[in-house]
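Trainee: This structure is in structure tokens; I'll ask about it shortly.
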Amino acid sequence: MGCGVTKSTQLQLKPCNRGNISVPAATAMRAALLIQRWYRQYVARLEMRRRCTWNIFQSIEYSGQQDHIKLYNFFGYLMDHFSSANSQRNLVSHMFGDSDLFLDMEWERHVCYKEIEVPDIYTGPHLFFPLTISNVTELVDAFKNKQKLHARYVLQLLGKTWTLLRLMPNISHVCTCKHKEITICGDLHGHLEDLLLIFYKNGFPSAETPYVFNGDFVDRGKESIEILLVLFAFLLLYPHDVHLNRGNHEDHIVNLRYGFTKEVLGKYQVHGKMILKLLQKIFSWLPLATVIDQKVLILHGGISDKTDLNVIAKLERHRFVSALRPLKRRGASARQKDAALEPDGDDELSAGRRRVQSLTHGTPLRFRPEFPRHSVHSESGRTGRSVEQELRERRRLAGLSLSSDSDPAQVLETDADEWKQIVDVLWSDPMSQNGCVPNEVRGGGCYWGPDVSQEVLDRHKLQMLIRSHECKQEGYEFCHNGRVLTIFSASNYYDVGSNRGAYIRLGPDLIPHFKQFQSSRSTRELTLRQSVGRTELSALQALRMQLFTHKSALIHEFQEYDPQCTGVISVKHWAAAVEKVLRLGLPWRVLRSQLVTSSTQDGQGTLDYHHWVNQLSVIQPSTEIANTSLLETLYKHHSNLESIFRMIDTDHSGLISFEEFRQTWKLLSSHLQMDISDKAISDLAESIDFNKDGSIDINEFMEAFRLVEHSRAETEAPPSPE
Amino acid sequence: MADKFNAESIITETQKRISNAFDVFDHECNKTVDVREIGTIIRSLGCFPSEAELHDIIAELEDEEPTGFVRYEKFLPTMTKILLERKFRPITEDLLLQAFKVLDQQKNGHLEPEELTKYLTQEGESFTQEEIDEMLSAAVDPDKNAILYKDFVSMMTFDDTR
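Residue numbers (UniProt numbering), protein chains in the order written: chain A, 1 to 722; chain B, 1 to 162.
Here's what the structure looks like:
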């Protein structure tokens with residue numbers, strides 16, 4: 001007992017911590033080794049789970065994005081190939097014309113904010129122009145307290161922002177001036193809490209604390225308008241020290257689907273329309289990039305092998321109101337042949353995740369790039385050839401869709417080039433292989449490789465590219481030998497606990513320093529295990545919903561493997577069928593046991609698929625919709641439906657007539673090449689008219705789906721911690 | 001005949017597991033993973049190698065000219081062998097408990113955070129600050145500011161059986 005007694009006299013003894021007792025060194029070492037070995041394995045297993053969960057979220061996210069673009073391309077197709085006698089075309093034609101956008105110079109006349117009175121009972125913040133720092137601080141505090149800025153002030157602020165932005169060049173040049181540190185933030189996506197956290201940790205923008213915000217301020221999160229107002233307020237206060245880059249979500253077409261349009265219309269019922277119109281202009285006037293010390297390039301998405309900052313600097317950026325469509329050109333004759341076309345990909349897809357093979361290494365035929373996402377085929381079933389070929393052709397053109405034939409303007413090649421420059425900047429993602437291929441996953445922009453980074457950066461004598469656009473678990477990530485850095489500032493993007501946000505401090509040495517954060521106290525106190533568990537549950541739920549919406553197709557596929565109708569198939573076949581229908585490229589066999597709570601396995605690697613599918617049931621039809629397969633289809637396409645509703649609802653009233661509802665449905669069914677009888681649609685429309693007043697409230701309609709998603713979440717609350 | 005069939009199906013099953021685990025980190029879907037993820041992949045397949053053992057495996061897996069990536073065609077045979085030979089077997093709950101007990105000289109059923117930190121960051125294959133912080137956040141009972149290792153071990157190993 002006590003110090004000094006060991007088995008072997010050569011061993012060093014540890015100093016005594018407490019009393020006269022110590023653990024013999026060899027034993028301590030062995031014990032420590034064991035614990036370390038065990039713990040590292042434990043962490044690795046958690047990491048594996050986290051990574052799987054991540055893949056689920058990301059596949060679903062990108063798949064949704066791709067859907068949206070396909071839908072939009074479909075409208076473009078309608079515009080080109082149908083005359084104005086076609087009612088479907090007319091429904092969407094307004095999106096392709098900007099006759100309802102007023103001229104720049106006349107904004108003050110159109111945006112009559114002066115006539116909007118601020119009532120005495122209004123308790124929100126007041127703005128006085130020119131803004132002062134205390135006024136802006138007040139504004140931030142007001143938002144922190146969940147107050148709303150009155151529409152009059154919103155319009156006033158936006159108008160002044162627009163005036164200012166018009167003076168700015170496409171590419172801002174910033175100098176650290178030998179002593180300043182610049183702060184660079186990535187995507188915020190309506191997460192006001194994260195922005196406030198950044199300001200708390202890093203300080204408000206000022207001459208001493210300049211900021212660059214790298215796009216995607218809006219959509220998804222619920223406080224997008226507040227973020228915009230705060231950023232614009234600081235921009236007006238410190239126009240030389242606050243730099244805003246446009247992101248792919250600063251685009252009214254994208255906003256229709258991802259929540260910003262809805263948020264504004266919900267918060268500003270009377271003036272929302274006007275606010276959105278003004279924002280359309282503002283988004284188009286946002287600068288495209290920022291360069292620091294002529295060495296560090298900051299832009300939202302990325303680059304392509306064709307990226308040329310000189311072209312970008314000179315183009316008229318405000319002409320590209322939405323990056324999803326090129327400028328008006330003559331109709332059918334204007335089918336662009338883009339040199340960057342990839343070879344004809346297979347439409348028989350296998351996996352879902354990005355499959356980007358190098359084009360420069362002479363890979364054998366069977367490793368030709370496969371399109372990572374399902375083509376329109378899979379949604380539409382057996383289709384008419386010409387429509388399909390059209391759409392396929394258009395996808396191959398990397399999102400270069402054709403637009404309105406109403407304007408007889410000449411095709412300008414420079415327009416197409418300029419458009420491509422912008423789309424590449426806003427939508428591209430890096431890949432690890434060399435080369436540059438169209439970004440089929442998202443539907444726009446490119447995937448670019450390390451060789452392209454090197455070439456483009458060297459050509460412009462730049463050191464580094466900082467971009468955002470992709471969510472990263474740690475809030476940031478390097479690639480391309482450290483020459484490309486992704487920065488993402490919306491923490492808990494997929495779900496609570498899914499990721500941290502980060503921002504960069506960059507000094508004159510141009511070496512990035514990172515600060516990470518995660519909003520919401522409860523997440524920070526969660527252990528690794530708890531946060532992985534929570535996000536996992538949420539991902540699985542999202543996945544279950546995806547599966548549910550494909551119920552019929554799944555049953556059909558299962559039956560293909562079960563010709564004798566025994567109701568049972570092998571797990572191997574089950575996994576193959578699920579992948580064929582969903583095309584998300586996920587490890588289904590591994591996920592299977594987690595997707596349904598009770599066991600449906602017979603023991604020997606087989607599965608009762610009817611039972612399994614029933615377990616997925618998400619929707620309880622809340623209305624008397626007899627046609628449950630129609631309901632299922634509705635649910636499956638509800639995001640697309642909502643997008644279309646909002647596109648049709650030109651006066652942003654939130655209401656559409658029965659007739660419009662029918663037209664919407666017909667539009668969607670042509671896009672998907674489905675057959676739905678008029679009667680079924682009419683019946684459905686009537687049953688959805690909750691108010692029985694002959695019109696359908698879009699929000700009410702979409703709410704029916706959200707309620708269902710919610711109630712499912714409630715019945716499956718995550719297990720209580722520890 | 002039946003035995004052969006079983007052996008084959010075991011190998012196929014094993015290889016399927018390896019392939020699934022590998023795919024999770026194969027970000028570009030080109031059958032390569034970053035060498036830094038190999039440890040995670042091997043461990044997630046149920047193995048408990050020490051850091052030193054891991055280094056040896058990696059050395060074996062890397063190409064003549066290390067590229068920072070490991071290819072599946074090399075990984076599969078190596079990993080199959082590891083799994084079939086049951087190398088790096090799991091550490092049982094009992095063994096783990098014993099390890100903690102050994103460090104608890106005073107036998108009072110708990111360890112002070114500083115004690116454990118000292119052992120784990122100075123002995124064996126030392127933990128990094130991040131690793132010890134992470135472990136303590138789960139292990140330390142906030143009321144007593146001590147690690148009740150018996151509870152900790154049962155809690156963690158319960159999770160392992162998921």
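No residue lacks a Cβ here, since even glycine has one placed at the ideal position from N, Cα and C.
1) Starting from A:Arg646, trace the alpha helix (DSSP H) both ways and give me its first and last residue.
2) Just confirm the distance between the C-beta atoms of B:Thr92 and B:Gln15, as a whole number of angstroms; I'd bet it's less than 8 Å.
3) In the DSSP output, what is A:Pro563 paired with across the bridge?
4) Tell me the rounded alpha-carbon separation between A:Arg646 and A:Tyr258.
5) Inspect the CB distances between the region 503 to 522 of chain A and the region 564 to 576 of chain A and report whether three or more fall short of 8 Å.
6) Does A:His550 pass the burial test, meaning 16 or more other C-beta atoms within 10 Å, or should it be called exposed?
7) Based on the DSSP output, what are the partners of A:Arg505 in its beta bridges?
8) Comparing the C-beta of A:Thr176 with each C-beta of chain B, is any distance below 8 Å?
9) Rounded to a whole number of angstroms, what is the C-alpha to C-alpha distance between A:Leu278 and A:Leu229?
10) Taking 8 Å as the CB-CB limit, is B:Leu96 close to chain A?
11) In the DSSP output, what is A:Glu477 paired with across the bridge?
12) Chain A beta carbons: is any one of them nearer than 8 Å to that of B:Gln15?
13) Could you name the residues that DSSP lists as bridge partners for A:Cys436?
14) Counting only Cβ pairs nearer than 8 Å, list the residues of chain B close to A:Pro587.
15) Please return the same chain residues whose Cβ sits closer than 8 Å to the Cβ of B:Phe25, not counting the five positions on each side in sequence.
16) Take the Cβ of residue 729 of chain A as the centre, count every other Cβ of all protein chains shown within 10 Å, and call the residue buried at 16 or more, exposed below.
17) Could you name the residues of the region 42 to 66 of chain A whose beta carbon sits closer than 8 Å to any beta carbon of chain B, in the order they occur along the chain?
18) Helix, strand or coil: how does DSSP classify B:His55 here?
19) To the nearest angstrom, how far is it from the Cα of B:Phe100 to the Cα of A:Ala25?
20) Excluding five sequence neighbours on each side, which residues of the same chain lie with their C-beta closer than 8 Å to the C-beta of B:Lys144?
21) Taking only the alpha-carbon atoms, compute the straight-line gap between A:Pro287 and A:Phe143 and give it to the nearest angstrom.
22) Based on Cα-Cα distance, which residue from A:Ser670, A:Gly507, A:Asp693, A:Arg662 lies nearest to A:Lys679?
23) Is there a Cβ of chain A sitting closer than 8 Å to that of B:Glu123, yes or no?
24) Name the chain B residues that come within less than 9 Å of A:Leu33, Cβ to Cβ?
25) Please classify A:Glu117 as buried or exposed, where buried requires at least 16 other C-beta atoms within 10 Å of its C-beta.
26) Do the CB positions of residue 742 of chain A and A:Gly449 come within less than 8 Å of each other?
27) Around the C-beta of A:Leu400, are 16 or more other C-beta atoms found within 10 angstroms, so that it is buried, or is it exposed?
28) With 16 as the cutoff for other CB atoms within 10 Å, does B:Gly68 come out buried or exposed?
29) Counting along the chain, where does the beta strand (DSSP E) carrying B:His110 start and finish?
30) If you measure from the beta carbon of B:Val102 to each beta carbon in chain A, is any gap under 8 Å?
31) Run through DSSP, which three-state label would B:Pro142 get?
32) Please classify A:Tyr200 as buried or exposed, where buried requires at least 16 neighbouring CB atoms within 10 angstroms.
33) Check the Cβ-Cβ distances between A:Ser22 and every residue of chain B, and say whether any is below 8 Å.
34) Listing by chain order, which chain A residues have their CB less than 7 Å from the CB of B:Arg43?
35) Have a look at B:Pro113, B:Arg71, B:Ser154 and flag the residue whose alpha-carbon is nearest the alpha-carbon of B:Val137.
36) Distance, Cα to Cα, A:Asn73 vs A:Asn248?
Mentor: Once the coordinates are examined:
1) 638 to 648
2) That pair is no contact at about 27 Å.
3) Within the DSSP secondary-structure output, A:Pro563 pairs in no beta bridge.
4) Near 11 Å, if we compare the C-alpha coordinates of A:Tyr258 and A:Arg646.
5) no
6) buried
7) A:Thr183, A:His513
8) no
9) 13 Å
10) yes
11) A:Thr486
12) no
13) A:Trp448
14) Asn20, Asp23, Val24
15) Val33, Asp34, Glu37, Thr40, Ile41
16) Because chain A is modelled from 1 through 722, residue 729 of chain A falls outside the range shown and cannot be assessed.
17) Tyr42, Val43, Ala44, Arg45, Glu47, Met48, Arg51, Cys52, Asn55
18) If DSSP states are grouped into helix, strand and coil, B:His55 belongs with the helices.
19) 14 Å
20) Around B:Lys144: His110.
21) A:Pro287 and A:Phe143: Cα-Cα distance of roughly 26 Å.
22) A:Arg662
23) Yes, B:Glu123 counts as interfacial toward chain A.
24) Ser50, Ala99, Glu123, Gly124, Glu125
25) exposed
26) This structure cannot speak to residue 742 of chain A, because chain A is shown only from 1 to 722.
27) Low per-residue confidence applies at A:Leu400: pLDDT is 38, beneath 50, and the placement is therefore not dependable enough to give any value.
28) exposed
29) Careful: B:His110 lies outside any beta strand (DSSP E) and carries neither H nor E.
30) Taking Cβ atoms only, chain A reaches closer than 8 Å to B:Val102, which makes this a yes.
31) coil
32) exposed
33) yes
34) Arg40, Gln41, Ala44, Arg45
35) Residue identity differs from the one stated: residue 137 of chain B is Ser in this sequence, not Val. When each option's Cα is compared against that of B:Ser137, the closest is B:Pro113.
36) Each residue's Cα considered, the two are about 16 Å apart.
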